[in-house]
Structures are given as structure tokens and as C-alpha cells.
Amino acid sequence: MFFDKECIYLDESATSRFKPNCVIKRVEKELKNSANAGRGGHKAAIRALESIEECRDSVIRATFDCDVILTKSCTEALNIAILGGDYRGEVLTTVYEHNSVLRPLERLKRKGIRVKYISAPDGIVTPEILKTNLSSDTSLVCIQEMSNVTGKIQPIDALGNLLSNYGIPFLVDGAQSLGRTDCDYSGVSMLAGAGHKGLHGPQGTGFLCVRKGIRLTPLLCGGTGTFSAGLNQPADIPEGFEAGTQNAPGYAGLSEGIKWTLKNKRRINKKITLLSEKALSALKAIDGVTLYSDEPNGVISFNVGDLSSSEVADIFDKDYSIAVRSGIHCAPLIHKSMGTLKRGAVRASFGYGNKSSDIDVLVAAIKDILNRK
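Using UniProt numbering, read the sequence shown as starting at 1 and increasing by one per residue.
Set out below in C-alpha cells:
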């Protein structure tokens with residue numbers, strides 16, 4: 001199956017399929033008038049640089065007043081924040097994190113830094129739970145805002161306020177949440193984001209929002225268009241962290257995606273909430289379905305009968321043209337906590353381009369699969 005008009009795409013947590021026309025047109029325009037930003041003084045290069053700076057401004061409007069490092073993905077942004085910081089003692093995170101956090105933290109362990117994984121009975125880390133796990137050795141706290149497995153949303157503002165009082169840096173993984181939540185990030189030190197999910201930008205775009213005054217070390221060395229006479233990589237934000245040719249068409253598209261998302265956010269969220277409520281209600285009523293999600297946030301994980309998640313996803317794809325994600329979703333610790341590390345789970349995730357009838361087809365397919373047994 002290829003992604004044609006007949007495909008029911010329920011994999012929005014991986015990447016949003018719906019892109020506004022303004023995004024598509026802007027990317028096309030930039031591609032037709034491409035130049036290398038920051039690599040020349042001619043008008044075309046200056047226009048490309050202006051598009052990139054426009055994207056930075058759009059990111060700030062969607063997040064908080066900060067320095068913006070543009071990246072190719074949220075993964076790259078998280079790596080910069082985790083591996084580029086001067087952390088000591090202990091780093092706190094949760095069992096709900098993506099490997100984009102867990103794997104860089106494993107690398108920190110090689111430097112003698114301890115990593116502590118916290119959890120909560122209902123999957124929500126409250127300020128009280130976080131406070132009991134802090135110590136004088138805590139040098140960083142890293143938490144995702146929305147789970148890519150269950151859809152649960154962490155109280156980032158409340159956690160940030162707590163950590164601000166202790167002076168502890170707070171890194172937030174916003175890959176799934178940006179464009180959906182209404183957090184003001186007032187207590188957040190760094191926020192990593194994906195451009196191609198809830199912000200409806202192109203793939204190959206991401207960013208790291210860095211609170212002014214925070215110092216990091218670049219992971220990548222190369223041409224920056226500035227300080228070119230020096231052989232050492234500059235550590236200025238953002239120039240020192242954006243070595244090489246930048247994705248000007250992608251960032252121009254992301255800027256348009258952010259503008260469109262902010263303008264239509266209420267309508268987008270209402271639709272996703274309604275779709276999620278319908279799906280949750282229907283799945284709860286089916287004997288043989290095991291649900292791992294209970295909040296209408298656009299991400300629902302489940303299993304069907306005693307089938308593996310990959311078997312169900314393959315049947316969806318081949319027999320019903322439904323695209324979902326199966327497996328452990330690059331989040332092994334949460335699956336271990338749910339008892340699904342071996343089996344995985346089927347994840348259906350919804351976006352603005354989905355329809356109520358998509359849920360009907362999903363539910364009918366599940367019932368049909370159960371009746372085959």
C-alpha cells in the first residue's frame with residue numbers, strides 16, 4: 001500500500017500527513033528560488049536568510065522568549081540539550097520518555113553521571129512526586145510533555161515552577177505536544193520541538209528553544225558563515241549550532257505551518273478531541289481490546305485479542321488500508337512498565353485531516369479481526 005487517497009492515515013504521532021496549502025506553496029516557492037543562507041551577500045542568499053529568521057520568530061511566538069537553534073529534528077535538538085550541557089551528579093527523567101532522550105542519557109552515564117528514572121501511579125508526574133525525587137545532586141530534569149504511547153500530558157507549567165524555585169535546569173520534549181497544548185513554558189529552560197507533527201511543517205525540521213543565559217557546547221563542527229577565520233567551532237547561539245547548509249525551504253514551510261496552526265489551534269484541538277473521544281468510547285466497548293490510553297489527546301494505544309501488535313498493524317494495512325504504528329514506539333521503558341515490551345502495542349493517532357468515518361472503519365476492522373478467530 002502507498003499513501004494514496006484510499007489510505008486511512010492514523011499515524012499522526014509519527015508525522016502529520018495533513019499539510020496546509022500555505023506550507024506546500026511556501027516550500028515550493030523557496031525551492032524554486034533557492035540559495036544558501038548566510039553563505040553570500042547577494043540578494044538570493046539574503047532572502048534565504050530572512051526566511052530562516054522568520055522561522056525563528058514563528059517558533060518564539062509558539063513557545064516563549066528564547067534563543068532558537070534550528071535543527072533537522074526534535075531528536076537532534078534533544079541531543080544538543082543533553083550532550084551539549086555541562087551536567088554533574090544526577091539527571092532526573094521518567095520511564096515514559098522516547099529513545100531520543102533515553103539514549104543520550106545513556107551516553108551521559110559514561111561520564112559518571114547518574115540517571116534516575118521516575119514514574120507515577122497514573123502516569124502523571126505531579127510536582128509532589130518530582131519534589132520527592134530531587135536531591136542536591138540533581139543537575140537536570142528532562143520530561144516529555146505528551147507521551148507518544150499513551151497520550152498523557154504532564155503538568156509542565158507546575159513542574160517548571162517547582163524547578164525554577166530550586167534553580168534546576170528543565171528540559172522538555174515537546175515533540176508530541178506542540179500545537180496541541182496551551183503551556184506557557186515559564187519555568188522551562190530548554191524546549192525541543194518537531195516541526196513536522198502538530199505544527200504541520202515539513203519533515204526534516206525541528207528546533208531547540210534555549211532560555212537566554214544558558215550555555216551549551218555544539219555537537220557538530222563546520223562552516224557557520226560567521227567567525228570563518230577561526231579553526232575552533234564558535235559556541236554562539238544559534239550560529240555555532242547550525243553548521244553546514246541549512247534547510248531554508250523546510251524552515252520557510254515550518255514558519256507557515258506554525259502561523260496556520262496558531263490561527264486554527266482551537267478548531268484543530270476540538271476536532272482531535274472529538275475523534276479521540278469517539279475512538280476511546282468505541283474501543284472500551286469491544287471485548288478483546290486492551291486499552292492503554294484513557295485521555296482524548298489524539299494518541300490511543302491498544303492491543304487486539306492475543307495477537308501481536310505487528311500482526312494487527314499488518315492486517316490493518318493489507319486488508320483495510322489503515323496506517324497505524326505498532327511495536328514499542330521507541331519508548332522501551334514505558335512498555336516495560338505496561339507489560340508490553342515483548343508484544344508492543346498498536347497506536348492509532350489522529351490529526352486535523354482525519355474524519356469521523358475513519359474511526360468507524362478502524363472499529364469495524366478490529367471487530368472483524370476478533371471475529372476471525
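Glycine is no exception: its CB is placed at the ideal position from the N, C-alpha and C atoms.
Helix, strand or coil at residue i according to DSSP, with G and I counted as helix
i: I156; result: helix
i: N269; result: helix
i: R372; result: helix
i: S349; result: strand
i: D173; result: strand
i: I359; result: helix
i: I286; result: coil
i: F3; result: Note that F3 scores a pLDDT of 42, beneath 50, so its modelled location is shaky and nothing firm can be said.
i: I366; result: helix
i: E90; result: strand
i: Y96; result: coil
i: L291; result: strand
Backbone CA spacing between residue i and residue j [nearest angstrom]
i: H335; j: K32; result: 45 Å
i: E90; j: A243; result: 30 Å
i: E12; j: T217; result: 33 Å
i: A77; j: Q144; result: 13 Å
i: F350; j: D67; result: 31 Å
i: G112; j: S255; result: 40 Å
i: residue 378; j: V23; result: Outside the shown range of the chain, which is 1 to 373, sits residue 378, and nothing can be said about it.
i: G223; j: G179; result: 32 Å
i: residue 374; j: Y251; result: Residue numbering for the chain in the displayed model covers 1 to 373; residue 374 lies beyond these limits and cannot be assessed.
i: L134; j: T181; result: 26 Å
i: K72; j: N36; result: 16 Å
i: V299; j: E6; result: 22 Å
i: I168; j: R347; result: 34 Å
i: R26; j: R110; result: 44 Å
i: E53; j: Q246; result: 12 Å
i: L108; j: I214; result: 19 Å
i: G123; j: L70; result: 31 Å
Cβ-Cβ separation, residue j to residue i (assumed contact under 8 Å), whole Å
i: C74; j: A248; result: Contact doesn't hold; Cβ gap of about 19 Å is too wide.
i: T150; j: Y117; result: Actually they do not touch by this definition, with Cβ atoms about 16 Å apart.
i: G305; j: L362; result: Going by Cβ atoms, the distance from G305 to L362 rounds to 15 Å, so no, they are not a contact pair.
i: I268; j: Y185; result: Actually they are not in contact, since the Cβ atoms of I268 and Y185 sit about 19 Å apart, beyond 8 Å.
i: S308; j: R343; result: 6 Å
i: E30; j: S58; result: About 14 Å separates the two Cβ atoms, so there is no contact after all.
i: C221; j: Q233; result: 4 Å
Residue interval of the alpha helix (DSSP H) (run including residue i)
i: V324; result: Note, V324: premise wrong, no alpha helix (DSSP H); not H, not E.
i: C22; result: 21-32
i: K116; result: No alpha helix (DSSP H) holds K116; the beta strand (DSSP E) holding it covers 114-118.
i: I334; result: 332-338
i: F316; result: 309-320
i: E128; result: 127-133
Endpoints, beta strand (DSSP E) assigned at residue i
i: E53; result: Unbroken run through E53 is the alpha helix (DSSP H), 43-62; no beta strand (DSSP E).
i: C74; result: Note, C74: premise wrong, no beta strand (DSSP E); alpha helix (DSSP H) at 74-83.
i: D67; result: 67-71
i: residue 378; result: Absent from the model: residue 378. The displayed extent of the chain is 1 to 373, so no value can be given.
i: V141; result: 138-144
**OP:** Would you list, in sequence order, the uninterrupted alpha helix (DSSP H) runs of no fewer than 4 residues that lie entirely inside the region 181-264?
**Re:** none
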